[in-house]
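In our numbering, the protein residues as written are 1 to 155.
The beta carbon of each residue, even a glycine, is placed where N, CA and C say it ideally should be.
A quick note: this is a predicted structure, and the numbers were derived from the prediction, not measured.
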Amino acid sequence: MKTKPLTFLLALTFLFFISSSSMYGERRDLAQAELCIGDCMLVKSSENVLDIYFEFDRYDLSGPNRKILRQLSSILKKKDWLKVELQGHTDKRGHNNYNIALGERRAQSIKMYLVSQGVIPGRIHTVSYGEERPFCSDDEECRKTNRRVHIRFLE
């Protein structure tokens, strides 16, 4: 049986760190990268942010998202100085209170998964913005990008 190679363009440079030393200490920055697993949507990492996308009114993690988060947890366990902020977002459909709660459930689902992979909970902060910080205006393609959790890398 011939296996189809995974389009696992895991240019995981988004999780590998560029370090440069100076007289006053070490500076650590996350590199920019893109990754795609199989037929999933493209995930972009830039400016120390990684986005995980969700289906409408859902907060469960898809298989491709779990693969990304397993890689992230591996790096977080090795880089004990690194912390993350998980910012939950939704599209604008639904009431504001519902969307704030959904954004929180999305952020918490990622936190629980990272903790289950061995990441210390105190290194993960969650916040929900609901529909308040959209990427773009309101058409169906845009709504998909608004249903996300920003994973912001902190030192």
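Is it the case that the Cβ atoms of residue i and residue j are separated by a distance below 8 Å?
i    : j   : result
G118 : K77 : yes
I110 : L69 : yes
V127 : E85 : yes
R152 : Q87 : yes
V115 : I52 : no
Within the same chain, show all residues whose beta-carbon is closer than 7 Å to that of residue i, passing over the 5 residues directly before and after it, in chain order.
i    : result
Y59  : L102, R105, R106 and S109
I100 : S128 and G130
S62  : none
E140 : none
Can you name, in chain order, every residue of its own chain whose Cβ lies under 8 Å from the Cβ of residue i, other than the five neighbours on each side?
i    : result
D138 : D91 and K92
C136 : C142, T145 and N146
Along the chain, where does the beta strand (DSSP E) containing residue i start, and where does it finish?
i    : result
E85  : K83 to H89
R152 : R148 to L154
G130 : I124 to G130
D51  : V49 to Y53
Report, in whole angstroms, the separation of the C-beta atoms of residue i and residue j, which I expect to be a contact under 8 Å.
i   : j    : result
K67 : R123 : Not really, about 21 Å apart at Cβ, beyond 8 Å.
Grab me the residues of residue i's own chain with a C-beta within less than 6 Å of its C-beta, minus the 5 sequence neighbours each way, in chain order.
i    : result
H125 : E85
P121 : V115
E200 : Given a span of 1 to 155 for the chain in the structure shown, any question on residue 200 remains unanswerable.
S73  : L114, Q117 and V119
What residue range is occupied by the uninterrupted alpha helix (DSSP H) comprising residue i?
i    : result
L114 : N96 to S116
S74  : G63 to K78
(message) Quick check: the region 84 to 104 against the region 128 to 136, are at least 3 beta-carbon pairs closer than 8 Å?
(response) yes
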